[in-house]
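Residue numbers (my numbering), protein chains in the order written: chain A, 1 to 422; chain B, 1001 to 1154.
Ideal Cβ placement from N, Cα and C applies to all residues, glycine included.
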Amino acid sequence: MEKILLKNIENPNSADIREYQKTGGYQSISNAFEMQPRDVIEEVKSSGLRGRGGAGFPTAMKWNFANADPKFPKYLVCNADEGEPGTFKDRPILEKNPHLLIEGMVISGYALRAEYGYIYLRGEYPLAKDILDNAIAQAREKNYLGENILGKNVKFELSVYQGAGAYICGEETALIESLEGKKGQPRSKPPFPVNVGAWEMPTIVNNVETLSNVPYIIAIGGEAYSKIGREDCTGPKLYCVSGHVVKPGVYELPMGTNLRDIIYKHAGGIKNNKKLKAVLPGGISTPVLPADRIDCLMDFISMPKHGSMLGSGAVIVMDESVCMVKVAHRALKFFEHESCGKCVPCREGTGWLRQILGRIESGKGKQGDIELLSDITDIMSGRTFCPLGDGAAGVVTGMLRHFRDEFEEHIKSGHCKLSIDN
Amino acid sequence: MFNETVLKEIDGIRAKYPDARSALLPSLYVAQREFGWLSPEAMTCVAKTLNLPEAMVRGTASFYAMFRHNPVGRNVIQLCTNVSCMILGSDRLLDLLKSRFDLEPGETTKDGRFSLVIMECIGACGTAPAMLVNTDFHDNLTEQNLEEIMGKYK
Ligand SMILES: Cc1cc2nc3c(=O)[nH]c(=O)nc-3n(C[C@H](O)[C@H](O)[C@H](O)COP(=O)(O)O)c2cc1C
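As structure tokens, then:
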């Protein structure tokens, strides 16, 4: 497949505006400005683009909701928080192809009649901060940003807002709170950000990868774009593969590529001739799949049918040496640390799960601990304020569904069989 | 209080947002850079400059992991130990930092050269295990190259 999002990134100067322009960059802005804003949204609608932040929400539908709200100013916010462990797919766009994102944001801002854009960038990406600041300055100098873009009387101001190390700020309403200078605690929905978002104004939050698809959609047309990938889940997708594979990295492939192919064909299979044990297919918040269940299409619609989710497309591959109790324990340490503390089931539940998993891992598990874990996940599921708590519960449920033996074995024997040969 | 240059910088930040409170996180970063950490004095400066209640400034600052509430060493090692890094050996790196540099998570070496912070994924999973030292990424860490890399930071 032709590279769209990762086009030219082998070029060491790919982040420079001149290199980007050389290969047709920024032409979609002129094309879009020839269209009515409404028609740009229609084009995105016919492309079938779904948000790449994790939920797969149809982008044009979100845009139409925002468009229908009469309040102005509207804000366009790019979610570059990329906090889901295992995820490093937005980073190559931010560091190597920043102008693609900027172009996507200018076009999206025009379509949405939003004159102000913010890129909410995670604090852990200092290099991306410098590169984006520089790219924004270049784009402003060439009149792709500012008061009167390309002399067409279109205004779009863009700046980077740096997060400060809180996973929950990837959730869009927590992100907005953070952008307003508050603790990143999610808001209740409705009202949705498209109606009441940042500073109480209509706010459209989209992921880096989502917005970076827009210039190409305008370039080739929504219809043609929709032929990439699968019928109900279109376009290119960035899959980031980590763990025990020969060639970890970010792969741009058609949406709906088979998980087995991603691991074996593209990432070169399992390294050191070991056997595959399990995969977290969409980041650590998505339920684990054991080795014999990886024949599934990696898209938003198919993955739930296989008991997991596409999430951020972060494929974490684990070979036979990995202890699932240890992975579950580490994951729950993460969720406990990142729980924002707003709602009880998540704040308390993640802590309890972590504690119980910790004692099982250290060989001090008790009879009944597995049932206790299940009870807690039952209580948490569907009762937390935002999906962070659901994700935490889902991880434990998935582990118990497929690797219950391993947890039982730890409790019975008081140690980990695997730690001996590690 | 902040000097003139810093006050100007914060004015510039304020201009980007519809209200002063939105300048809080960026201003806390500025204060952290100026003071090395968010001392009570640093937070008072931020509160005064943005005309926000001190409790609001402290409450917000304490929510975010990257704001430091204690003095840190000259170089801050931010080591990822999340799943992708863990399964490729970040535990061994932690052990090395303990045995070789007497450095524990959340602490600073006696000579003030290094502080260690455990990170929750720094987006370098394809080149795990990985860390940031100050603002530099270091990937594909091993016990050997970790010592070498640390040698470059004085
Ligand atoms: C706990 C949590 C963390 C999230 N983290 C991110 C993130 O790091 N990046 C992101 O784009 N979306 C993240 N999301 C999804 C956002 O809430 C939101 O749906 C997304 O930014 C919308 O963009 P999209 O429509 O382009 O996908 C997260 C959601 C939750 C519940």
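With a threshold of 7 Å, the Cβ atom of A/PHE57 counts as near ligand 1, since some heavy atom of the ligand is closer than that. If you ignore the 5 residues before and after A/LEU145, its C-beta comes within less than 8 Å of the C-beta of ILE102, VAL106, ILE136, ALA139, PHE156, GLU157, LEU158, all in its own chain and listed in chain order. Here A/PRO236 is bridged, per DSSP, to A/PRO254. Boundaries of the beta strand (DSSP E) around A/ALA278: 276-280. The closest CA to that of A/THR377, considering only A/PRO345, A/GLY368, A/ARG359, A/HIS402, is found on A/PRO345. Secondary structure note for A/ASP133: its alpha helix (DSSP H) is the uninterrupted segment 126-141.
Straight-line measurement puts the Cα of A/PRO73 at about 26 Å from the Cα of A/LYS129.
Interface with chain A (8 Å Cβ-Cβ cutoff): B/ARG1092 is excluded. Taking CB atoms only, B/LEU1132 has a neighbour in chain A less than 8 Å away.
For A/GLN162, the C-beta contacts it makes with chain B under 8 Å involve LEU1025, PRO1026, TYR1029, in order along the chain. Beta bridge pairing from DSSP links A/CYS78 with A/ILE119, A/ASN206. When C-beta distances to chain B are compared with 7 Å, the residues of the stretch 316-327 of chain A below that value are ILE316, MET318, VAL322, VAL327, in chain order. Of all residues in the stretch 1068-1086 of chain B, only GLN1078, THR1081, ASN1082, VAL1083, SER1084, MET1086 come within less than 8 Å of chain A when Cβ atoms are compared, listed by chain position. Secondary structure of A/HIS402 (DSSP, three-state): helix. For the set A/GLY414, A/VAL327, A/ASP405, A/PHE88, the Cα lying nearest the Cα of A/GLY363 is the one of A/GLY414. With respect to A/ARG230, A/MET201 sits apart: the two C-beta atoms are not nearer than 8 Å. Looking from the CA of A/ALA328, the closest CA among A/LEU276, A/LEU388, A/THR234, A/MET399 belongs to A/MET399. Neighbours of B/ILE1122 in chain A, taken as residues whose beta carbon is under 7 Å from its own, are GLU124 in chain order.
Cβ neighbours of A/LYS275 within its own chain (closer than 6 Å, five residues either side excluded): GLU320. Contact between A/ALA278 and A/ALA291 is confirmed by a C-beta separation of about 7 Å, below the 8 Å threshold. Residue environment analysis places A/ASP375 among the exposed positions, since fewer than 16 neighbouring C-beta atoms fall within 10 angstroms of its C-beta. Using a CB distance cut-off of 8 Å, A/PRO202 does not count as an interface residue toward chain B.
Considered as a whole, the stretch 1011-1049 of chain B harbours 1024-1035 as its complete alpha helix (DSSP H) runs of no fewer than 4 residues, in chain order.
Taking a beta-carbon distance threshold of 8 Å, A/HIS410 does not count as an interface residue toward chain B.
DSSP, reduced to helix, strand and coil, places A/ASP378 within a helical segment of the structure shown. Contact between the stretch 1050-1062 of chain B and the stretch 1092-1104 of chain B is absent: fewer than 3 CB-CB pairs across the two stretches fall below 8 Å.
Residues GLY24, GLN27, SER28, ASN31 of the same chain have their beta carbon placed closer than 8 Å to that of A/ALA219, with the five preceding and five following residues left out of the count. Between A/LYS3 and A/GLY313, the gap from beta carbon to beta carbon reaches 8 Å or more. Here A/ASP390 carries a helix assignment [DSSP, helix/strand/coil].
Taking a cut-off of 8 Å on C-beta distances, the stretch 1064-1072 of chain B touches the stretch 165-172 of chain A, as three or more cross pairs fall below it. A/LEU289 is a Cβ neighbour of A/SER308, given a cutoff of 8 Å. Residues PHE407 of the same chain have their beta carbon placed closer than 6 Å to that of A/ILE370, with the five preceding and five following residues left out of the count. At least one C-beta of chain B is nearer than 8 Å to the C-beta of A/SER178. Contact between A/GLY51 and A/THR59 holds, with the beta-carbon distance rounding to 6 Å and staying under 8 Å. Per the coordinates, the alpha-carbon of A/GLY151 lies some 21 Å from the alpha-carbon of A/LYS22. Within the chosen limit of 7 Å, ligand 1 reaches the beta carbon of A/LYS62 through at least one heavy atom.
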